[in-house]
């Protein structure tokens with residue numbers, strides 16, 4: 147595993163579409179590459195076509211090394227780093243986590259200088275970065291356009307029903323349609 | 313996957329069974345017949361490609377030819393209090409016991425399964441006379457105890473296996489306080505699974521080492537794999553279930569599936585938790601809002617006592633917690649995990665009740681609530697460790713897997729399975745695939761980093777030599793790009809270490825350990841105190857992994873050598 151090279155470019159006070167882009171990384175040593183989440187731009191915001199991001203996923207601090215919620219879900223720290231994203235003229239980039247079904251959504255916080263740290267207590271989840279009119283501190287979910295999104299590595303798991311040697315299995319019997 | 317590829321895949325899967333012995337998977341009433349492990353309905357759907365294939369080793373069950381009715385019934389492990397200079401005789405024999413309504417043959421010590429709990433003062437030395445009357449040669453080792461090298465119980469390294477009918481005498485010195493356990497180190501995948509183990513509690517001479525409690529309980533965590541025909545057979549020449557280890561489907565505490573204890577209202581209880589299972593990690597929680605205070609780990613106490621909502625413990629590890637039952641009623645000790653359902657591609661919650669603590673209305677004889685509310689600190693001598701934490705790594709090990717002649721359906725399933733691996737395997741999510749993997753067709757490896765080297769050419773790390781008194785920084789990396797990576801509890805013999813950091817996050821509460829749990833993809837840095845000279849082993853605690861090669865040896869040269 148390679149140690150990630152860190153670089154922090156100061157951007158304080160720079161705003162507007164013509165301003166320099168943000169390149170930030172928080173210091174850390176060896177996040178498990180296998181569980182890194184790639185954030186992909188939706189290109190819905192002008193100037194975000196080249197925006198990229200990654201979310202490093204590590205276990206939340208625990209005397210046991212592995213950290214779990216009381217229900218047995220993994221409890222993990224997230225470190226969000228976004229590159230080539232211009233600071234908005236107005237509003238804030240807000241980071242959210244949500245279950246894949248979007249039935250539970252939690253706000254992580256405002257992306258400041260392209261970086262943010264937070265925590266997630268689901269095993270399979272999406273990370274969403276949206277552009278909000280304010281910091282959306284009390285909002286139950288995003289209201290503005292999604293700028294970036296990514297899915298936890300566990301999202302790659304797929305049902306075998308209706309596929310491969312189980313092609314004849316009735317997907318609908320397992321809650322899948324279409 | 314496109315239809316054309318599907319057809320190819322199915323043809324390959326079907327043809328793979330050709331040339332191998334095909335048996336009726338239902339069995340003929342003879343419990344020694346190979347049969348797939350029982351599993352959930354969803355997982356059963358994944359079994360179709362594997363039907364008719366059996367492991368490439370011979371099936372084995374204890375006491376072949378022995379009438380089970382002639383065997384003595386196993387009793388529950390008693391506590392044996394010993395002092396310095398005492399001699400303990402441990403006789404390993406075949407026993408009979410009932411689990412979940414089935415009468416099965418098990419192993420035990422002195423008629424007990426699990427064996428007696430040894431209680432001994434710190435710095436005591438005892439003589440153990442171990443007589444082997446089980447079905448095959450074995451050894452006995454003292455997990456976590458920094459014994460003299462010749463008493464470490466590693467066959468072929470520190471002693472010859474104790475043959476059937478023979479007695480081996482060991483001198484065992486207990487330098488550290490804490491919870492430990494003893495178990496066989498030859499064919500442990502069979503003998504340990506069948507109850508041939510016991511707990512050791514080493515008491516500090518410092519009466520204030522632990523806080524005052526009303527009661528103490530030793531809880532040996534385990535599981536056993538049963539179906540309607542009894543205990544599922546083991547591999548004889550090599551372990552089966554070599555990919556993930558042998559998960560049981562009946563979870564046990566002190567050998568019992570229905571462990572109960574009655575305590576008084578207000579009692580504070582110290583629990584010594586020992587994971588004696590072959591491969592199962594537990595997420596232990598006391599329901600009903602009973603608070604748990606984490607006090608100790610493998611070899612003694614944490615720097616700081618802290619409140620925890622659950623205890624995550626892996627095979628070979630020990631944790632000491634204190635709990636207070638301040639309400640009347642029944643409180644369950646549960647194992648709450650998220651299992652992977654590979655058929656649905658989803659996680660599912662599983663909750664198993666391991667024990668019930670029944671709290672009577674009778675008030676405690678001694679109110680220790682104030683003591684319980686206090687979080688103590690402990691000077692474990694970690695200053696030197698912290699002072700050197702930032703120095704370069706001395707040795708690195710990569711945890712990976714090399715596969716051999718696995719049945720083709722298993723290889724096909726492994727290929728499909730590459731999309732995602734959970735950091736921790738909390739259950740046997742692929743029992744049919746796991747069952748067909750053996751110590752003959754998979755090789756678990758602890759190797760040094762070898763960039764650019766074909767994994768098929770890798771060999772176990774060799775030639776580590778240290779000097780007594782060295783502090784050695786070792787980095788472990790559980791390679792997620794290997795075939796079927798899995799979390800591993802790695803156990804270091806004869807020495808103690810602290811976990812400096814995991815995935816770049818420094819440990820904030822140190823404790824001396826001998827077993828570290830390394831999740832998939834994780835990098836864990838240890839600082840090992842090489843205090844004990846001799847020839848030692850560093851191995852995966854999962855006996856099926858040990859039986860599939862997951863160990864290395866290293867030397868600690870005595871001071872002045």
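Protein chains in written order, with the numbering used here: chain A, 147 to 324; chain B, 313 to 873. C-beta atoms are modelled at their ideal positions from N, C-alpha and C, and glycine is treated no differently.
1) Classify residue 674 of chain B: buried if its beta carbon has 16 or more other beta carbons within 10 angstroms, exposed otherwise.
2) Measure from the alpha carbon of residue 193 of chain A to the alpha carbon of each residue in A:300, A:294 and A:203, then state which is nearest.
3) In whole angstroms, what is the alpha-carbon distance linking residue 840 of chain B and residue 809 of chain B?
4) To the nearest angstrom, how far is it from the Cα of residue 586 of chain B to the Cα of residue 532 of chain B?
5) Within the 8 Å Cβ cut-off, does residue 596 of chain B reach chain A?
6) How is the alpha helix (DSSP H) around residue 877 of chain B delimited, first residue to last?
7) Would you identify the three-state DSSP class for residue 724 of chain B, choosing helix, strand or coil?
8) Is it buried or exposed, residue 499 of chain B, if we count other Cβ atoms within 10 angstroms and call 16 or more buried?
9) Kindly list the residues whose CB is nearer than 6 Å to the CB of residue 697 of chain B, restricted to its own chain and excluding five residues on each side of it in sequence; keep chain order.
10) Name the residue from A:210, A:214 and A:241 whose alpha carbon lies nearest to the alpha carbon of residue 887 of chain B.
11) Using a 10 Å radius around the Cβ and a threshold of 16 neighbouring Cβ atoms, would you call residue 743 of chain B buried or exposed?
12) For residue 286 of chain A, is the classification buried or exposed, using 16 other Cβ atoms within 10 angstroms of its Cβ as the cut-off for buried?
13) Is it a yes or a no for the segment 708-721 of chain B touching the segment 502-517 of chain B, going by three-plus beta-carbon pairs under 8 Å?
14) Cβ of residue 872 of chain B within 8 Å of Cβ of residue 547 of chain B?
15) By Cβ distance, which residues of its chain are closer than 6 Å to residue 482 of chain B, with the 5 residues on each side in sequence left out?
16) Along the chain, where does the beta strand (DSSP E) containing residue 511 of chain B start, and where does it finish?
17) So does residue 366 of chain B have its beta carbon nearer than 7 Å to some heavy atom of the ligand SAH?
18) Just reading off the beta strand (DSSP E) that residue 857 of chain B is part of, what are its end residues?
19) Using the three-state DSSP reduction, which class does residue 457 of chain B fall into: helix, strand or coil?
20) Could you check whether the Cβ of residue 218 of chain A sits closer than 8 Å to any Cβ belonging to chain B?
21) Go ahead and pull the three-state DSSP assignment for residue 342 of chain B.
22) Counting only Cβ-Cβ distances shorter than 8 Å, please list the residues of the segment 196-210 of chain A near chain B, keeping chain order.
23) Confirm, please, whether the CB-CB distance from residue 228 of chain A to residue 199 of chain A is below 8 Å.
24) Kindly indicate which residue of B:590, B:774, B:818 and B:847 has the alpha-carbon position closest to the one of residue 738 of chain B.
25) Quick one: grab the DSSP three-state call for residue 428 of chain B.
26) Could you check how far apart the C-beta atoms of residue 393 of chain B and residue 431 of chain B are, in whole angstroms? I think they sit under 8 Å.
27) Using the rule of at least 16 other Cβ atoms within 10 Å of the residue's Cβ for burial, across every protein chain shown, is residue 181 of chain A buried or exposed?
28) Mind checking which residues open and close the beta strand (DSSP E) that includes residue 790 of chain B?
29) Can you grab the Cα-Cα spacing for the pair residue 175 of chain A / residue 446 of chain B, in whole Å?
30) According to DSSP, what are the bridge partners of residue 816 of chain B?
31) Where does residue 391 of chain B land, buried or exposed, given buried means 16+ other C-beta within 10 angstroms?
32) Kindly identify the DSSP beta-bridge partner or partners of residue 618 of chain B.
33) Anything in the segment 601-612 of chain B with a Cβ closer than 7 Å to a Cβ of chain A? List those residues in chain order, please.
34) Of all the residues that make up the segment 243-261 of chain A, which are near chain B by a beta-carbon distance shorter than 8 Å?
35) Whole angstroms are fine: how far does the CA of residue 858 of chain B sit from the CA of residue 173 of chain A?
36) List the residues of chain B that residue 214 of chain A touches, going by C-beta distances under 7 Å, in chain order.
Reading it off the structure:
1) Along the second chain, one-based indexing puts residue 674 of chain B at 362. Taking all protein chains shown into account, residue 674 of chain B has fewer than 16 neighbouring C-beta atoms within 10 Å of its C-beta and is therefore exposed.
2) As a working note, residue 193 of chain A is residue 47 in the first chain. Distances from the CA of residue 193 of chain A to each of A:300, A:294 and A:203 were compared; the closest alpha carbon is that of A:294.
3) As a position in the second chain, residue 840 of chain B is number 528, starting the count at 1. As a position in the second chain, residue 809 of chain B is number 497, starting the count at 1. Distance from the CA of residue 840 of chain B to the CA of residue 809 of chain B, rounded to the nearest whole angstrom, comes to 4 Å.
4) Stepping through the second chain from its first residue, residue 586 of chain B is reached at position 274. Stepping through the second chain from its first residue, residue 532 of chain B is reached at position 220. Their Cα atoms are separated by approximately 5 Å.
5) As a working note, residue 596 of chain B is residue 284 in the second chain. At a cut-off of 8 Å between beta carbons, residue 596 of chain B makes no contact with chain A.
6) Because residue 877 of chain B is not part of the residues shown, which for chain B are 313 to 873, the question remains open.
7) Within the second chain, numbered from 1, the residue matching residue 724 of chain B stands at position 412. In this structure, residue 724 of chain B counts as helix in the three-state DSSP scheme.
8) Your numbering for residue 499 of chain B matches position 187 in the second chain. Buried, because 16 or more other Cβ atoms sit within 10 Å of the Cβ of residue 499 of chain B.
9) The residue labelled residue 697 of chain B in the question sits at position 385 within the second chain. Leaving aside the five residues that flank residue 697 of chain B on each side, the residues in its chain whose CB is nearer than 6 Å to its CB run, in chain order, 810 and 839.
10) An answer regarding residue 887 of chain B cannot be provided, because it is not within the stretch 313 to 873 covered by chain B.
11) Mapped onto the second chain, residue 743 of chain B falls at position 431. Buried is the label assigned to residue 743 of chain B, since at least 16 other Cβ atoms lie within 10 Å of its Cβ.
12) The residue labelled residue 286 of chain A in the question sits at position 140 within the first chain. By the C-beta density criterion, residue 286 of chain A is exposed, having fewer than 16 other C-beta atoms within 10 angstroms.
13) No, because fewer than three Cβ pairs between the segment 708-721 of chain B and the segment 502-517 of chain B fall closer than 8 Å, the two stretches do not touch.
14) In the second chain, counting from the first residue as 1, residue 872 of chain B sits at position 560. In the second chain, counting from the first residue as 1, residue 547 of chain B sits at position 235. Not closer than 8 Å, so no.
15) By one-based count along the second chain, residue 482 of chain B stands at place 170. Answer for residue 482 of chain B: 440 and 463, listed in chain order.
16) The sequence position of residue 511 of chain B within the second chain is 199, counting from 1. Run containing residue 511 of chain B: 510-515, per the beta strand (DSSP E) assignment.
17) Absent from the structure shown: the ligand SAH. Ligands present: none.
18) As a working note, residue 857 of chain B is residue 545 in the second chain. For residue 857 of chain B, there is no enclosing beta strand (DSSP E); the residue is found in the alpha helix (DSSP H) stretching over 855-858.
19) Here residue 457 of chain B refers to the residue found at position 145 when the second chain is read from its first residue. Here residue 457 of chain B sits in coil by DSSP.
20) On the first chain, residue 218 of chain A is found 72 positions in, with the first residue counted as 1. Yes, because at least one Cβ of chain B sits closer than 8 Å to the Cβ of residue 218 of chain A.
21) For this step, residue 342 of chain B is matched to residue 30 along the second chain. Low local confidence applies: a pLDDT of 41 at residue 342 of chain B is under 50, so the model's placement there is unreliable, and no value is given.
22) Flagged, chain order: 204, 205, 207, 208, 209 and 210.
23) Counting from one through the first chain, the residue named residue 199 of chain A turns up at place 53. Counting from one through the first chain, the residue named residue 228 of chain A turns up at place 82. Their beta carbons are under 8 Å apart, which means residue 199 of chain A touches residue 228 of chain A by this criterion.
24) Residue 738 of chain B sits at position 426 when you count from the first residue of the second chain. Taking each of B:590, B:774, B:818 and B:847 in turn and checking the Cα distance to residue 738 of chain B, the smallest one comes out for B:590.
25) Here residue 428 of chain B refers to the residue found at position 116 when the second chain is read from its first residue. Three-state DSSP puts residue 428 of chain B in coil, outside helix and strand.
26) In the second chain, counting from the first residue as 1, residue 393 of chain B sits at position 81. In the second chain, counting from the first residue as 1, residue 431 of chain B sits at position 119. That pair is a contact at about 5 Å.
27) For the purposes of this step, residue 181 of chain A is identified with residue 35 of the first chain, where counting begins at 1. Burial call: buried.
28) Numbered from 1 along the second chain, position 478 holds the residue referred to as residue 790 of chain B. Start and end: 783-790.
29) Here the question's residue 175 of chain A lines up with position 29 in the first chain. Here the question's residue 446 of chain B lines up with position 134 in the second chain. For residue 175 of chain A, the predicted model reports a pLDDT of 40, less than 50, meaning its position is unreliable; a value from the coordinates is still stated below. Spanning the two alpha carbons is a distance of roughly 49 Å.
30) On the second chain, residue 816 of chain B is found 504 positions in, with the first residue counted as 1. Answer is none; residue 816 of chain B lacks a bridge partner.
31) Here residue 391 of chain B refers to the residue found at position 79 when the second chain is read from its first residue. Residue 391 of chain B should be labelled exposed.
32) Walking along the second chain from the start, residue 618 of chain B turns up at place 306. According to DSSP, which records beta bridges pairwise, residue 618 of chain B is partnered with B:606.
33) Contact residues of the segment 601-612 of chain B toward chain A are 606 (C-beta to C-beta distance below 7 Å).
34) Listed by position, the residues of the segment 243-261 of chain A near chain B (Cβ gap below 8 Å) amount to none.
35) Reading the first chain from its first residue, position 27 is the one you call residue 173 of chain A. Reading the second chain from its first residue, position 546 is the one you call residue 858 of chain B. With a pLDDT of only 39 at residue 173 of chain A, under the threshold of 50, the placement of this residue in the model should not be trusted; the figure read from the coordinates follows. When only Cα atoms are considered, residue 173 of chain A and residue 858 of chain B end up about 37 Å apart.
36) Within the first chain, the letter at position 68 stands for residue 214 of chain A. Residues of chain B whose Cβ lies closer than 7 Å to the Cβ of residue 214 of chain A are, in chain order, 595, 622 and 624.
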